[in-house]
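The structure appears below as structure tokens.
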Amino acid sequence: MPAYISVDVETAGPTPDQFALLSIGACTVVQPRQTFYVELRPDRDAVDPQAAAVHGLSMETLRQNGLPPEQALLKFETWVHQVVPPSHKPIFLAFNAPFDWMFVHTYFIRYLGRNPFGHKALDIKAFYMGLSGQPWEKTSGSHLHRLFRQADGLTHNALQDALDQAVLFENMLAMLERDQSNPVSAKE
1 MPAYISVDVE TAGPTPDQFA LLSIGACTVV QPRQTFYVEL RPDRDAVDPQ
51 AAAVHGLSME TLRQNGLPPE QALLKFETWV HQVVPPSHKP IFLAFNAPFD
101 WMFVHTYFIR YLGRNPFGHK ALDIKAFYMG LSGQPWEKTS GSHLHRLFRQ
151 ADGLTHNALQ DALDQAVLFE NMLAMLERDQ SNPVSAKE
């Protein structure tokens, strides 16, 4: 059985080859909610000003207080193994999973040589497209937050965003369950 882990990251820029992974937030999708958060010491100096403006993390503070990436990834891996029952497989879940996955996977391989998620990632936007039949343009964060949560959207704190993503996905799973129990309404 799958065990969905909602993951969000904040980074110094758009790609893990040039820019550092700065923070990882994660939570279980099932209740009781279990959470994980870590800030990493930057392993690269490049900073995209747009990324810095979005998350507001201080590179200098992270250089002083962030965990070295290998330690941060070991903590994250340990947490994943603690919250996922032995008979389940962890599935990486994110809103715009290709971005978050790219950083998390690259860092796991770079520093540990392994990734506890394997190659299992699920994108919430793509899941909603399949669930609803809506086009890509109707999968924006603002649209889905209005539809499922009546909230404003992302805070760009990795843990809070992971928690918000988990709620979005739970609502989508409930929608799927309703549609499967009432096939007529699924077509309306």
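Residue numbers (the UniProt record's numbering): 1 to 188. Quick reminder that beta carbons are idealized off the backbone N, C-alpha and C, glycines included. Values in this document were obtained by computation on a predicted structure and should not be read as measured data.
Straight-line Cα distance separating residue j from residue i
i      : j      : result
Ser140 : Arg114 : 32 Å
Leu62  : Val47  : 13 Å
Thr15  : Trp79  : 25 Å
Leu74  : Lys138 : 37 Å
Val30  : Tyr4   : 8 Å
Gly133 : Arg110 : 38 Å
Ser56  : Val167 : Here residue 56 is Gly; the residue named in the question, Ser, does not match the sequence. Looking at the two C-alpha atoms, the distance is approximately 24 Å.
Trp136 : Asn96  : 12 Å
Gln50  : Gln180 : 42 Å
Ala186 : Pro42  : With a pLDDT of only 45 at Ala186, under 50, the local geometry of the prediction cannot be trusted, and the value read off the model is given with reservation. Approximately 47 Å, taken between the alpha carbons.
Thr155 : Pro86  : 33 Å
Phe19  : Asp164 : 25 Å
Thr106 : Gly13  : 14 Å
Thr11  : Asp45  : 12 Å
Ala52  : Asn157 : 12 Å
Phe76  : Leu159 : 13 Å
Pro68  : Phe108 : 13 Å
Thr28  : Met172 : 15 Å
Phe169 : Ser142 : 14 Å
Val54  : Val9   : 12 Å
N-terminal and C-terminal residue of the beta strand (DSSP E) that residue i is part of
i     : result
Thr28 : Leu21 to Thr28
Assumed close pair residue i, residue j - CB separation to whole angstroms, cut-off 8 Å
i      : j      : result
Gly66  : Asp161 : Incorrect: roughly 18 Å between the Cβ atoms, too far for contact.
Pro116 : Pro90  : 6 Å
Val7   : Val84  : Rounded, the Cβ-Cβ distance is 13 Å, inconsistent with contact.
Leu144 : Tyr128 : 6 Å
Met175 : Leu131 : 6 Å
Pro2   : His119 : No, Pro2 and His119 are not in contact; Cβ-Cβ is about 14 Å, not under 8 Å.
Leu93  : Ala72  : About 20 Å separates the two Cβ atoms, so there is no contact after all.
Limits of the alpha helix (DSSP H) - the one that residue i falls within
i      : result
Ala12  : Note, Ala12: premise wrong, no alpha helix (DSSP H); not H, not E.
Gln160 : Ala158 to Ser181
Closer than 8 Å to chain D by CB, residue i
i      : result
Arg114 : Absent here is chain D; the protein component of the structure consists of one chain.
* Segment contact, 8 Å Cβ cut-off, at least three pairs: the region 107-126 with the region 28-39 -> no
* At which residue ranges does the region 32-91 contain complete alpha helix (DSSP H) runs of 4 or more residues, listed in the order of the chain? -> 49-55, 59-65 and 69-83
* Starting from the N-terminal side, write out each stretch of the beta strand (DSSP E) that is 3 residues or longer and does not extend beyond the region 88-140. => 89-94 and 121-123
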